[in-house]
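Asker:
Rendered as structure tokens:
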């Protein structure tokens, strides 16, 4: 099984589903995602106890850039 990131559209869906009061198992079925993935996403990316898409996207970009490999080094011979 390959890992894929939660898309920006899925982030918006999570926000809307939480506003509607859907429980975690219903959200995971709607998004066709593992329960632990969505649970972790909500737990890590919240502000004042509420899931926040802006926090989610900002932290994703920070983490992504932190470990993003730099370009190949050229050997001059």
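Numbering (our numbering), first residue to last: 9 to 85. Ideal Cβ placement from N, Cα and C applies to all residues, glycine included. Owing to the predicted nature of the structure, the values given are computational and were not obtained by experimental measurement.
Could you check whether residue 22 and residue 31 sit closer than 8 Å to each other, using their CB atoms as the reference points?
Answerer: Within the chain shown, the letter at position 23 stands for residue 31. Within the chain shown, the letter at position 14 stands for residue 22. Not closer than 8 Å, so no.
Asker: Could you have a look at residue 28 and say whether DSSP puts it in helix, strand or coil?
Answerer: Mapped onto the chain shown, residue 28 falls at position 20. Three-state result, residue 28: helix.
Asker: Alpha carbon to alpha carbon, how far is residue 15 from residue 68? Give it in angstroms, no decimals.
Answerer: Within the chain shown, numbered from 1, the residue matching residue 68 stands at position 60. Within the chain shown, numbered from 1, the residue matching residue 15 stands at position 7. Roughly 11 Å between the two C-alpha positions.
Asker: Leaving out five residues on either side along the sequence, give the residues of the same chain with a beta carbon under 8 Å from the beta carbon of residue 42.
Answerer: As a position in the chain shown, residue 42 is number 34, starting the count at 1. Hits under 8 Å: 36.
Asker: So what's residue 54 in DSSP terms, helix, strand or just coil?
Answerer: As a first step, residue 54 is located in the chain shown; it is residue number 46 there, counting from the start. Here residue 54 sits in strand by DSSP.
Asker: Apart from the five residues just before and just after residue 12, which ones in its own chain have a Cβ nearer than 7 Å to its Cβ?
Answerer: Position 4 of the chain shown holds residue 12. Nothing meets the Cβ criterion.
Asker: On a CA-only basis, which of 75, 50, 74 is nearest residue 63? Give me that one, please.
Answerer: For this step, residue 63 is matched to residue 55 along the chain shown. Checked all of 75, 50, 74; the closest Cα to residue 63 is 50.
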